[in-house]
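Just so we're aligned: 731 in the working numbering is position 725 of the sequence shown, and the numbers increase by one with no gaps anywhere.
Think of the CB as a built atom: it goes at the ideal place given N, C-alpha and C, for glycine as much as any other residue.
Shown next, in structure tokens, is the structure this report addresses.
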Amino acid sequence: MELPQKRKRISHELTNSQPSNREATPSTSTNVPAGAAGGFVEGSIVRISMHNFLTYDHSEVFPGPKLNMIVGANGTGKSSIVCAICLGLAGKTAVLGRGDKVGLYVKRGCNKGSVEIELFRPSGNLIITREIQVENNQSSWMLNKKHSSQKAVEEAVKELHIQVGNLCQFLPQEKVGEFAKMSKIELLEATEKSVGPPEMYEFHCELKTFRSKERDLENVCKEKANFLEKAKQRNERNKLDVERYYMKKRHLDRIQMLEKKKPWVEYETTRKELEAVKKDREEMKRKLKSLKEAQEPLVRKIRSVESQLQPIEQQMREKTTSIREVSQKCKQKHDQLELRSKEVDDIRQDLSLKQTEEVDRQKRIGHTQLMIRDLQKELQNMNSMEDVTPQIEAVNAELRTIQEEKAKMEGESLDLRRDKDEAYGEFIRLQNRLRSLEDMMKVKEEMLRRRFRDTYTALTLHMWLRNNRERFEGNVHEPMMLVINVRDTRHAKYIESHIPLNDLRAFVFQRQQDMEKFMEEVRDSQKLRVNSVIAPTESCSNRPPSRPLETLKHYGFFSYLRELFDAPEEVMSYLCHQYKVNDVPVGTEKTKNMIEKVIKEVQLRMIYTAEEKYTVKKSFYSNNVVSSNSALRPSQFLTTAVDADERRHLEEQMRAAERQVQRIDERMAAIREQQARLERRDNELRAKKKKLSEQKGKKRQLEQKISTKQDSLRQMEQSEINLQTIEEETNAKIAAVNNKKVAIMQEYLSHMQMKARLSMEKVYLALQSAGLSAEKTKLETDCRDGSSELKRAEVAYTKLDQIKNNLLNTCKTLMRRASEICNMIPGETAVPEELHAAFSQLPDTLDEIDAMLNEEKTRAECFTGLSDAVVEEYNRREQEIQNMEKELDDKTNDLTTYRRNIAEAKERWLNPLKLLVDQINERFSDFFRSMQCAGEVDLHSENEEEYDKYGIRIQVKFRSNAQMHELTPHHQSGGERSVSTMLYLMALQELNRCPFRVVDEINQGMDPVNERRVFDIVVRSACGVNTSQYFFITPKLLQNLQYAEQMTILCVHNGPHMLQPNKWREKAFLRRARCRHVS
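Structure follows, in structure tokens:
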């Protein structure tokens, strides 16, 4: 926002060592300000010119060659000079930590702005000009008033050893805290670049590269050596297989030759056997012919005897048939006799059963009479007992009462069970809803775990705190990002932009002593980097805004930040106290469109539009209003919202539902106990009723039993059996059956006589047949003797003929097979000449050949699992082993070379580095010792060979009773970190290789004592003989400080209430200052 009161002006130096008014020349080489050649080092800044840049319309700054103190009130534009140096020397906007776009550094309302830096060079000053265009966010560059590229500018700046991205050289206001956050490794690299020789950082990078390649080569050599050893071992194992393969091949060759000779031996043996068989066949043919002629007379006699024997054999067959028929008839009569005998036995058995039945009847009658007498006696005793009917009626009445009570209780139990089901269902519904809210909380915890591991680890300790509440006096809250619930996730970006990330992940405590206990555990014991804050003693959560929201709505504001989210009482109180969330309004696009009017009229320090954050500052001296804006980034942590009120309400409802279920369970248990008591009484009454009923019904049962037994007795007496009549009937039946048996026996004897006569006739015929059969047998025996010899001769002849044919076929087959095996021409029958020599060394008989063949095959079969591939693999691997040994030798030589190079590079780098660190440590320790404190700087490395792990460690002690602690973003206070950072930079000052160093408002967190001590050290170090240019920016200075003649004081006057430049009188100002000093 452009202010009309500002005009072009030139800044002035307040020092006796330089002229009071200087103009920079636009030329490139010879025109150097007076005295510059004697004080400026190469690359120092001679002049800074700004046009439409941040708070300036136009301004030129002429710094001195040593310490430059840039002093001015807040908002006047001191940091704008720092931004001009950075951007004018091709630095990145990220170095400044402000806006990320270069167009944001152009003064509001202007389309373009420019920065011009003039750097000292003995051969002629270098002028760098950068013009910034707002519209396309682009820059144009010039070197010595000639158009150039950004890369050319960067190269020119690099040649002068200027590193605006190095915090050891260039430390803007927003990056002061980043210095302490630098790791030891980053600090070493920054120090090397800043004060080390030009080649030191290159040697370090070269060492890291060599070491990386050395590790790679070591791994390659190790892998190749292991692979080579395994390959040799495998080949050594396969060597035996190769030898076995060749042994097997020799056996297979001999088997092949044996199999070639065997058909020829078989053929020759078979041919000789065929000649012998032919001779035996001709002799057997002649013998067969003579036997056939001698056999004819005996055959004719045998045929004559057979004609006489046939009629006799026919008669014998007829007799046999007749005898079989008569025998069948005899068997039938015998079966009839046995059937009649069985019938007599059945009649006698029936009589025995009747006799037994009568005896049993008499016994049952006596037993029944005895039972009747006993029952009658028991009935007489029952008549003397009293009537139990009234007792039964009383028991029935009490049972009805119990049934009514049980039905009533069952109804109540059903109602209670229904109420319990409803209450339990409501409990489950509430539990599921609460679980869904807890799942959303787990999502937020997982996000915390991924981004802030230490805070998440400490959260588990907070769970322990939650379970040990009695050990702490006040409330302890989890990190804010977990307990803050944004009502509308679209507004989460405002909350995250307003609350720093360090506070979002901070635990919130109500009491100081609780936080100390917690931090002692997590920070000192667990070594975790955790943030914590304390809520104000007096609650600020309900603090009203400075003005009602209704007065701001016409500007487009719709809410204050506090109304956009919910948080616990202590968290909200802290945020209202620390970040004024109750007084920061949030607007819309309407607000953005009228932002200049809003800034001027509303006069709030911070406001939000739809997509931007505006910070408004007002100079205490000039009342000049300066605003800056930045784009809002999308929310990362607060997009998941958990309604705390709903969660508390759900927990209360769940407890109420649980209590209701418990009350119902207690009432149901009482009902069950009462039901059990009624059930026991019911069982007792039913047992008593049963006993009385049994007593009442026993008399009637006795009368019925007596009547039944008397009826049964009468029936038994009426069923008497007459045994005498039954015996007479049985004897008559037996006599009739015996008469039938006599008739059957007579017929049986007649059939037996007929069978005997037929058998005698058959015997006579058998004797005649035996005589003829004997004569026939004798003739057949004589004939058989001759016929047997004839048959044997026929069989022998047939066999010899078959053998001859088989042997002939076998000879042909063997000849053909032998020719095929030996690859002979068809029709050739002689063994080839080339095989004679081989065959002569082999056995000549089949048995010997078979024995040798079996032996060779057995030996060959012993060599299992072998193939041509084994030999090929062995030969191939032998070649690979040779190639691999050569490669391993080459890699080993390369590794030796790298190790030699590393040793040389290490010596070139490490020794100067140790000397450099010792020098820094000496100055750093001296500075701290002068402040009655202690500090050390050392070169730290866990492994000397890991060059990428080397780093510079800073250890400080600010109290005599404390121990040395490493400088970290968490252990020391902000002021202690500022002092340590400043003294380290001053320790680098005399060693400095960079032409200038910039430190912006580093003294803001220091107490007055430390600030005065640090100022003295800065003046002594920066104004020394061999030091480079130093820029020290501060909004205020303590009184009665010690100044040096070599210092340059640059007072920044910028704002509507400042003195006009044309009215400024330097001599009058100095005169008044001297007068005040004297007085």
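Item: To the nearest angstrom, how far is the alpha carbon of Lys255 from that of Lys236?; Value: 28 Å
Item: How many whole angstroms separate the CB atoms of Leu294 and Ala799, which I take to be in contact at a CB cut-off of 8 Å?; Value: 4 Å
Item: For Asp509, does the count of other Cβ atoms within 10 angstroms reach 16, so buried, or fall short, so exposed?; Value: buried
Item: Which value, in whole angstroms, describes the spacing of the CA atoms of Leu570 and Thr987?; Value: 39 Å
Item: Under 7 Å Cβ to Cβ from Gln774, same chain only, skipping five residues before and after it: list those, please.; Value: Ile318
Item: From His583, Asn74, Lys219 and Asn745, pick the residue whose C-alpha is nearest to that of Ile543; which is it?; Value: The displayed chain sequence assigns Thr, not Ile, to residue 543. Minimum Cα distance to Thr543 is reached at His583.
Item: To the nearest whole angstrom, what separates the beta carbons of Tyr111 and Phe59, a pair I think is in contact under 8 Å?; Value: 6 Å
Item: Quick one: Cα of Asp286 to Cα of Val311, how far?; Value: 40 Å
Item: From Lys164 to Asp589, what distance separates their C-alpha atoms?; Value: 47 Å
Item: Give me the Cβ distance between Phe867 and Arg260, rounded to the nearest whole Å; I'm assuming they're in contact under 8 Å.; Value: It is Glu, not Phe, that sits at residue 867 in the sequence shown. Contact doesn't hold; Cβ gap of about 14 Å is too wide.
Item: Identify which residue in Phe564, Glu700, Cys546 and Ser545 has its Cα closest to the Cα of Pro554.; Value: Phe564
Item: Going by alpha carbons, who is nearest to Tyr754 out of Val514, Glu48, Gln666 and Leu343?; Value: Leu343
Item: Compute the distance between the beta-carbons of Pro1086 and Ile613, then report whether it is under 8 Å.; Value: Because the chain here runs from 7 to 1085, residue 1086 falls outside it and cannot be looked at.
Item: Indicate the three-state DSSP secondary structure (helix, strand or coil) for Phe46 in the structure shown.; Value: coil
Item: What does DSSP give as the partner residues of Ala637 in its beta bridges?; Value: Glu618
Item: Taking C-alpha atoms, which residue in Arg221, Val170 and Glu212 lies nearest to Ala196?; Value: Val170
Item: Roughly how many angstroms separate the alpha carbons of Leu1047 and Ser218, rounded to a whole number?; Value: 52 Å
Item: Given a cut-off of 8 Å, decide if Trp1070 and His210 are closer than it, judged by their beta-carbon atoms.; Value: no
Item: For Pro485 versus Phe513, is the C-beta spacing smaller than 8 Å?; Value: yes
Item: Closest to Gln730 by C-alpha separation, out of Lys337, Glu364, Leu258 and Glu249, would be which residue?; Value: Glu364
Item: If you follow the beta strand (DSSP E) that Asn537 is part of, which residue opens it and which one closes it?; Value: Asn537 to Ile540
Item: Hey, how far is the Cα of Leu806 from the Cα of Thr783?; Value: 33 Å
Item: Would you please state the rounded distance, in angstroms, between the beta carbons of Met760 and Val332? I believe it to be under 8 Å.; Value: 5 Å
Item: Reducing DSSP to helix, strand and coil, say where Gln808 ends up.; Value: helix
Item: Per DSSP, what kind of secondary structure is Ala196 in: helix, strand or coil?; Value: helix
Item: Looking at the strands, I want to know which residues DSSP matches up with Thr1054.; Value: Asn74
Item: Measure the C-alpha to C-alpha separation of Thr34 and Lys157 and round it to an integer number of angstroms.; Value: Since pLDDT at Thr34 reaches only 31, below the 50 mark, its modelled position is unreliable, and the value read off the structure follows with that caveat. Each residue's Cα considered, the two are about 20 Å apart.
Item: Apply the 10 Å Cβ neighbour rule to Tyr770 and answer buried if 16 or more other Cβ atoms are within range, or exposed otherwise.; Value: exposed
Item: Can you tell me whether Glu522 is buried or exposed, with buried defined as 16 or more other CB within 10 angstroms of its CB?; Value: exposed
Item: According to DSSP, is Ala79 part of a helix, a strand, or is it coil?; Value: coil
Item: Using three-state DSSP, classify Ile408 as helix, strand or coil.; Value: helix
Item: Which residues mark the beginning and the end of the beta strand (DSSP E) in which Ala940 is found?; Value: Ala940 to His946
Item: Any contact between the segment 712-719 and the segment 421-432? By contact I mean 3 or more CB pairs, one from each, below 8 Å.; Value: no
Item: What does the alpha-carbon distance come out to for the pair Cys828 and Lys284?; Value: 30 Å
Item: For a test of the three-state rule: what should DSSP assign to Gln516, helix, strand or coil?; Value: coil
Item: For the alpha helix (DSSP H) holding Lys598, just list the boundary residues, first then last.; Value: Glu595 to Asn599
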